[in-house]
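A.B. asks: According to full-length UniProt numbering, the sequence shown is numbered sequentially starting from 1. Sharing a structure, written as structure tokens. Questions coming.
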Amino acid sequence: MSMNVQTGLASAGWIDRVLGCWDERSRQLRARVASPSLLCIVVAAVTLVLAAAGADAASMNKCVINGTVTYQQARCPSTQPRKDPTLEELNAAEKARRAAAASAAAASRRETAPVPAATSSRFSCDGRTRCTQMRSCEEAKFFLDHCPGVQMDGDHDGIPCEQQWCH
């Protein structure tokens, strides 16, 4: 008897005890005793069937045959012979999948890319905030006009880095 059948019989034992089919002295079902009740025989049979059904449950396949849904353990029958793809077809499909993924990634990068400043494309906000980090007055003016958090205009007159670059 498999482990699942034994487990099923043990877990179904409470039904037998409630219905009075269990003989505690002999530790067996009363269905095996000389004059069993019909209810005890039914309980024993149902318990065995349920335990055996769960013992080695095979996977089921849902098949549609002529418009009717059926469930079966065997594979679903095919109406057409299976055609395996050729190596060229597999390579073409993989190349198409990679091209689609690359174009989608490029499109998302284009959508999220910041709009460059129209005044000066030579400079970009790269985190520099002080005059000692600048190389020219033009660069300092770009940072003051376009970048947040810069500390280049101490007297707030709109002219950055007056002592170092913009005299």
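Cβ coordinates follow ideal geometry from the N, Cα and C atoms, glycine included. Note that this is a predicted model, so its numbers are computed, not measured.
#1: Once DSSP output is grouped into helix, strand and coil, what is the label at Val33?
#2: How would you call Val42, buried or exposed, if buried means at least 16 neighbouring beta carbons within 10 angstroms?
#3: Nearest-angstrom Cα distance between Gly149 and Ala101?
#4: Taking 8 Å as the cut-off, does the stretch 121-139 touch the stretch 157-165 (at least 3 CB pairs, one atom from each stretch)?
#5: What's the gap between the Cα of Ala93 and the Cα of Ser78?
#6: Quick one: grab the DSSP three-state call for Val150.
#7: Using CA atoms only, rank isn't needed, just tell me which of Ile159, Gln151, Asp155 is closest to Glu138.
#8: Between the alpha carbons of Ala105 and Arg97, how many angstroms are there, rounded?
#9: Within the continuous beta strand (DSSP E) that includes Gln72, where are the two ends?
C.D. replies: Walking through what the data contain:
#1: Here the question's residue 33 lines up with position 33 in the sequence shown. Confidence at Val33 is low in this model, with a pLDDT of 48, below 50, so its placement is unreliable and the value that follows should be read with caution. Three-state result, Val33: coil.
#2: On the sequence shown, residue 42 is found 42 positions in, with the first residue counted as 1. So Val42 counts as exposed.
#3: Locating residue 149 in the sequence shown gives position 149, where the first residue counts as 1. Locating residue 101 in the sequence shown gives position 101, where the first residue counts as 1. When rounded, the distance between both Cα atoms is 38 Å.
#4: yes
#5: Counting from one through the sequence shown, the residue named residue 93 turns up at place 93. Counting from one through the sequence shown, the residue named residue 78 turns up at place 78. Each residue's alpha carbon lies about 24 Å from the other.
#6: Start at 1 with the first residue of the sequence shown, and residue 150 comes out as number 150. Coil, per DSSP.
#7: By one-based count along the sequence shown, residue 138 stands at place 138. The shortest Cα separation from Glu138 among Ile159, Gln151, Asp155 belongs to Ile159.
#8: Residue 105 sits at position 105 when you count from the first residue of the sequence shown. Residue 97 sits at position 97 when you count from the first residue of the sequence shown. The alpha-carbon atoms of Ala105 and Arg97 are separated by roughly 12 Å.
#9: The residue you call residue 72 lines up with position 72 of the sequence shown. That run of the beta strand (DSSP E) goes 68-72.
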